[in-house]
Amino acid sequence: MTESEVMAACGEDGIRGMVAAFYRRVREDEIIGPMYPDDDWEGAEERLAEFLLFRLGASQKYIETRGHPRLRMRHVTFRIGVAERDRWLELMTGAMEETEVPASAREFLDPFFAQVADFMRNQHG
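Residue numbers (my numbering): 2 to 126.
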C-alpha cells in the first residue's frame with residue numbers, strides 16, 4: 002500500500018479522527034501524558050495531524066508552517082526509551098482500532114508508526 006492509497010482509504014477526516022482518538026488516550030496516560038504541556042493539547046493534536054497529512058502526501062501545510070519535520074530534534078528534550086516508545090505505539094494502535102482504520106491502511110501505518118516511534122528513542126535499554 003502506498004501513501005496515496007492510505008489517504009484514499011482513510012481520508013483527511015479519518016486521519017484527523019485517528020489523531021483525536023490518540024490524544025484522548027495520551028491526555029490520560031501516566032507515561033506519555035506528562036510530556037505534553039497542559040496548555041497545548043490542541044496544538045499538539047493539530048501538529049501531528051498535519052505531519053501525517055504531509056507524510057501521506059495530502060497536504061504541504063506542515064512544511065509551510067513548521068519547515069522540515071526534524072522529529073528527533075523536536076523531541077530531544079523528552080526522555081524517550083523503550084517504555085515510552087511502546088506506550089506511544091499502544092495508544093496509537095488503540096486509536097486506529099477505535100476509529101476503524103481499514104486493514105489495508107494498517108498494512109502501511111503499523112510499520113510506519115513502529116519505525117517512527119523507534120527512531121524517536123533517545124534512551125538506551
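Backbone N, C-alpha and C define an ideal beta-carbon position, used for all residues, glycine too. Small disclaimer: the values here were computed from a predicted structure and weren't measured.
Can you tell me whether DSSP reads residue 41 as helix, strand or coil? coil
List the endpoints of the continuous alpha helix (DSSP H) containing residue 34. Run containing residue 34: none; DSSP gives neither H nor E here.
Have a look at residue 14 and residue 35 and give me their C-alpha separation to the nearest angstrom. 27 Å
Quick one, are the C-beta atoms of residue 51 and residue 63 less than 8 Å apart? yes
Straight-line gap, residue 94 to residue 110 (C-alpha atoms, nearest Å): 10 Å
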